[in-house]
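Chemist: Okay, here's the structure, questions in a sec.
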Amino acid sequence: MFIDYLAVMLVNLGAGLALLAHYLYVKPEKQYRKSWAAGFFAVGLLGIVTAVPMVLTWPLPGGFNVAYGEPALYFSVLYLAAAMTLTFEWEPLIPAIFGFFGAIYAVVIGIRIEDLHLGADPLAALLGFVLTGVGGMLVLPTIQWRNNRTLAVITAIILGLAAIVWLYTGYDAGWGHILDFAKYLPPTMTK
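Numbering that gives the first Met the number 0 applies: residue 0 is where the sequence shown begins, and numbers increase by one.
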């Protein structure tokens with residue numbers, strides 16, 4: 000039996016997108032931005048802890064390690080960079096530029112998952128990846144033109160929708176994985 004921790008990765012992705020959507024919507028003043036760093040750091044850390052082993056050891060069958068592990072690694076590094084940026088009060092445009100290219104990657108991955116009909120619900124994956132990608136691409140102009148409230152709200156809504164897709168998918172996967180592993184015994188417990 001393979002080890003499948005994709006559910007927690009998806010919940011982390013959803014939580015991170017919800018956090019980013021809220022950050023853009025609230026648009027905290029400079030003196031309050033540091034307090035957001037802990038949330039971004041938590042998302043980045045959990046992502047690194049799960050994505051690096053997935054990329055290096057391939058615990059999932061087929062192309063799922065590439066489709067989920069590699070974007071999760073990119074996303075996690077991005078969130079750690081955002082946490083550092085907020086902590087040290089650096090220019091947030093720099094991680095937004097880095098994130099723009101990861102957002103394009105998300106769209107490409109989503110289209111490919113649907114194209115190959117990978118997973119239990121490739122259409123949901125396509126929707127999640129495309130919403131994440133489009134929202135992620137909009138973060139760059141939203142940060143660049145900080146005073147454009149309409150753009151910030153639209154970006155926050157798209158990221159919020161992506162978060163809902165990933166949270167639903169992650170919680171549903173967790174629910175199913177408990178059943179899948181209900182009778183599993185690790186090798187150390189078998190005789």
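We put the CB at the ideal spot given by N, CA and C, even for glycine.
(1) Return the residue from the list P58, G43, L12, I47 that minimises the CA-CA distance to A81.
(2) Check L158 in the structure and name its three-state DSSP category.
(3) Within 10 angstroms of its Cβ, does N146 collect 16 or more other Cβ (buried), or is it exposed?
(4) Spatial neighbours of F97 within its chain, please: CB distance less than 7 Å, with the 5 preceding and 5 following residues excluded, ordered by chain position.
(5) Report all residues from its chain with a CB closer than 7 Å to the CB of E69; omit the five preceding and five following residues, and keep chain order.
(6) I'd like the list of long-range same chain contacts for A155, defined as Cβ closer than 6 Å, with 5 residues on each side in sequence excluded.
(7) Can you give the beta carbon distance from L199 to W165, rounded, assuming they're within the 8 Å contact cut?
(8) Please classify M0 as buried or exposed, where buried requires at least 16 neighbouring CB atoms within 10 angstroms.
(9) Does any heavy atom of the ligand NAP sit closer than 7 Å to the C-beta of T154?
(10) If you check the beta carbons only, do F40 and L18 fall under 8 Å apart?
(11) Residues in the same chain with beta-carbon distance under 7 Å from T187, minus the five sequence neighbours each way, listed in chain order, please.
Modeler: The answer reads as follows:
(1) Of the listed residues, the one whose Cα sits closest to A81 is G43.
(2) helix
(3) exposed
(4) L77, A80
(5) Excluding sequence neighbours, E69 sits near V54.
(6) A20, L23, Y24
(7) Given a span of 0 to 190 for the chain in the structure shown, any question on residue 199 remains unanswerable.
(8) Confidence at M0 is low in this model, with a pLDDT of 46, below 50, so its placement is unreliable and the value that follows should be read with caution. M0 should be labelled exposed.
(9) In the structure on display, the ligand NAP does not appear, and there are no ligands present to speak of.
(10) no
(11) Same-chain partners within the cutoff: there are none.
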